[in-house]
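Residue numbers (my numbering), protein chains in the order written: chain A, 295 to 497; chain B, -15 to 172.
Note that CB positions come from ideal geometry on N, CA and C, so glycine has one too.
Just below is one structure, and these are the notes that go with it.
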């Protein structure tokens, strides 16, 4: 039983599969969503797919699209590396695959969070525009060339289930790195030592 | 093992560099386009009334049509406004409110509110019915200050409208037209 448990790195396998699931889910369900008014403006953001919807017109920003391609390929390779490692954790190439794969979901998650926070802080500092990361708030916007007009918008934001799936994937990959010690130790070949009796000859 | 690490490092560099460089090359003649897609300009034109499919700004105030009606029994008045939806999306006027003020004396006569939410399809014009009730002080004001006038000039102040979750507030300077309302205390 113990041999089966330690033959594969189950955390790594689960982490790799979950990472691939995160990619698939993120194509359709954003990690973070912001809506303005009654869906008049909608921002769907994830490291894999970010798009903007304004008055029924959907578009992407080319630079963010390039970052999304990087995020997609990074997570894809990470997931594949984790799966290959997990089924062959004692091979010579396994440790480099693990080192390559286990950090990527965590780093992708951290970059996404840091990016969101930085955008929020910049908007607050430069435009005095309060962008919520979670929950709802109202903002008053200045309208250029229209004095006497005040535009107040309701903004609602929140992290979606795909975000929490990414958290699970990152956690599983880290657990795989910790569990690797146990797998590697168990799979070490047994070293037998024999004591050779010393022989003394009387002269 | 080192070869595997080297290969993985090279792959990491490639998947980071290639999309960025590729995008920079694609937009080398229009670097601003990397951050501002053409769709955003089209939307901005639509909002400011510059688009081909629009007729004026999408943020224009509603215009009053016809004369306000007054019911002496309930002291309520109703006024009809038209609002052009210049946006390429259906809108719902969820609420509308404001105060009716005597144009000559700046006296608050009563408030106004939307009778019911109105949905207006993209590019269409919707009709809004605004209801209000004159206050006792307003009736006295009509009698004391405008007793011999059949119609009294008023303006809508503190005007606010909630359009699909976006609240637009206009001060008096933005309400271009003053209205004439029937004088409920007309003695003629």
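Residue-chain proximity (residue i, chain A), Cβ-Cβ < 9 Å
i: residue 186 of chain B; result: Residue 186 of chain B is absent from the structure shown; chain B starts at -15 and stops at 172.
i: residue 148 of chain B; result: yes
i: residue 109 of chain B; result: no
i: residue -6 of chain B; result: no
i: residue 47 of chain B; result: no
i: residue 130 of chain B; result: no
i: residue 76 of chain B; result: yes
Proximity below 9 Å, CB of residue i to CB of residue j
i: residue 148 of chain B; j: residue 332 of chain A; result: yes
i: residue 373 of chain A; j: residue 452 of chain A; result: no
i: residue 19 of chain B; j: residue 356 of chain A; result: yes
i: residue 367 of chain A; j: residue 3 of chain B; result: yes
i: residue 23 of chain B; j: residue 351 of chain A; result: yes
i: residue 83 of chain B; j: residue 96 of chain B; result: yes
i: residue 21 of chain B; j: residue 353 of chain A; result: yes
i: residue 150 of chain B; j: residue 448 of chain A; result: yes
i: residue 139 of chain B; j: residue 162 of chain B; result: yes
i: residue 118 of chain B; j: residue 93 of chain B; result: yes
i: residue 395 of chain A; j: residue 306 of chain A; result: yes
i: residue 369 of chain A; j: residue 344 of chain A; result: no
i: residue 465 of chain A; j: residue 320 of chain A; result: no
i: residue 316 of chain A; j: residue 342 of chain A; result: yes
i: residue 303 of chain A; j: residue 392 of chain A; result: yes
i: residue 265 of chain A; j: residue -8 of chain B; result: A question about residue 265 of chain A goes unanswered here, because the residues of chain A that appear run from 295 up to 497.
i: residue 108 of chain B; j: residue 132 of chain B; result: no
Residue environment, residue i, which counts as buried when at least 16 other CB atoms sit within 10 Å
i: residue 75 of chain B; result: buried
i: residue 346 of chain A; result: buried
i: residue 65 of chain B; result: buried
i: residue 430 of chain A; result: exposed
i: residue 399 of chain A; result: buried
i: residue 324 of chain A; result: buried
i: residue -14 of chain B; result: exposed
i: residue -3 of chain B; result: exposed
i: residue 363 of chain A; result: buried
i: residue 416 of chain A; result: exposed
i: residue 326 of chain A; result: buried
i: residue 179 of chain B; result: Because chain B here runs from -15 to 172, residue 179 of chain B falls outside it and cannot be looked at.
i: residue 463 of chain A; result: buried
i: residue 114 of chain B; result: buried
Proximity to residue i [Cα-Cα], best of the options
i: residue 72 of chain B; options: B/170, B/145, B/86, B/26; result: B/26
i: residue 53 of chain B; options: B/103, B/134, B/142; result: B/134
i: residue 167 of chain B; options: B/144, B/77, B/97, B/59; result: B/59
i: residue 141 of chain B; options: B/153, B/125, B/-13; result: B/153
i: residue 164 of chain B; options: B/48, B/-6, B/114, B/92; result: B/48
i: residue 468 of chain A; options: A/397, A/316, A/391; result: A/397
i: residue 127 of chain B; options: B/86, B/7, B/116, B/162; result: B/86
i: residue 101 of chain B; options: B/69, B/61, B/116, B/112; result: B/112
i: residue 457 of chain A; options: A/377, A/424, A/322, A/389; result: A/322
i: residue 435 of chain A; options: A/428, A/421, A/427, A/426; result: A/421
i: residue 78 of chain B; options: B/61, B/90, B/56, B/110; result: B/110
i: residue 358 of chain A; options: A/406, A/401, A/389; result: A/406
i: residue 334 of chain A; options: A/340, A/349, A/327; result: A/349
i: residue 445 of chain A; options: A/337, A/389, A/340, A/423; result: A/423
Closer than 7 Å at the beta carbon, the chain B residues around residue i
i: residue 367 of chain A; result: -1
i: residue 331 of chain A; result: 148, 149, 150
i: residue 357 of chain A; result: 7, 18, 19
i: residue 341 of chain A; result: Within 7 Å Cβ-Cβ: nothing; residue 341 of chain A doesn't reach chain B, min ~13 Å.
i: residue 390 of chain A; result: -15, -12, -11, -8
Chain B within 9 Å of residue i, Cβ atoms only
i: residue 348 of chain A; result: yes
i: residue 477 of chain A; result: no
i: residue 380 of chain A; result: no
i: residue 464 of chain A; result: no
i: residue 416 of chain A; result: no
i: residue 412 of chain A; result: no
i: residue 375 of chain A; result: yes
i: residue 301 of chain A; result: no
i: residue 432 of chain A; result: yes
Interface partners of residue i on chain A, CB under 7 Å
i: residue 23 of chain B; result: 351, 353
i: residue 98 of chain B; result: Residues of chain A passing the Cβ test: none, with the nearest at roughly 16 Å.
Chain-ordered neighbours of residue i on chain A, where CB pairs are closer than 9 Å
i: residue 72 of chain B; result: 349, 350, 351
i: residue 27 of chain B; result: 348, 349, 351, 353
Within chain A, partners of residue i - CB distance below 8 Å
i: residue 11 of chain B; result: 356
Chain B residues whose Cβ lies nearer than 9 Å to that of residue i
i: residue 251 of chain A; result: The requested residue 251 of chain A is not part of the displayed model; chain A covers only 295 to 497.
i: residue 316 of chain A; result: Ordered by position in chain B, no residue passes the 9 Å Cβ test against residue 316 of chain A, which lies about 17 Å from the chain.
i: residue 394 of chain A; result: -12, -11, -8, -7, -5, -4
i: residue 334 of chain A; result: 71, 73, 75, 147, 148, 149, 150
i: residue 371 of chain A; result: -8, -5, -4, -1
Neighbouring residues, chain B, relative to residue i (Cβ below 8 Å)
i: residue 337 of chain A; result: Here the premise fails: no neighbours, minimum Cβ distance about 13 Å.
i: residue 425 of chain A; result: Near residue 425 of chain A there are no residues of chain B at all, since even the closest Cβ is about 16 Å away, more than 8 Å.
i: residue 447 of chain A; result: 149, 150, 151
Interface partners of residue i on chain E, CB under 9 Å
i: residue 3 of chain B; result: The structure shown contains no chain E; the protein chains it does contain are A and B.
Contact test: residue i Cβ vs the ligand PLP heavy atom, cutoff 8 Å
i: residue 351 of chain A; result: As for the ligand PLP, it is missing from this structure, which has no ligand bound.
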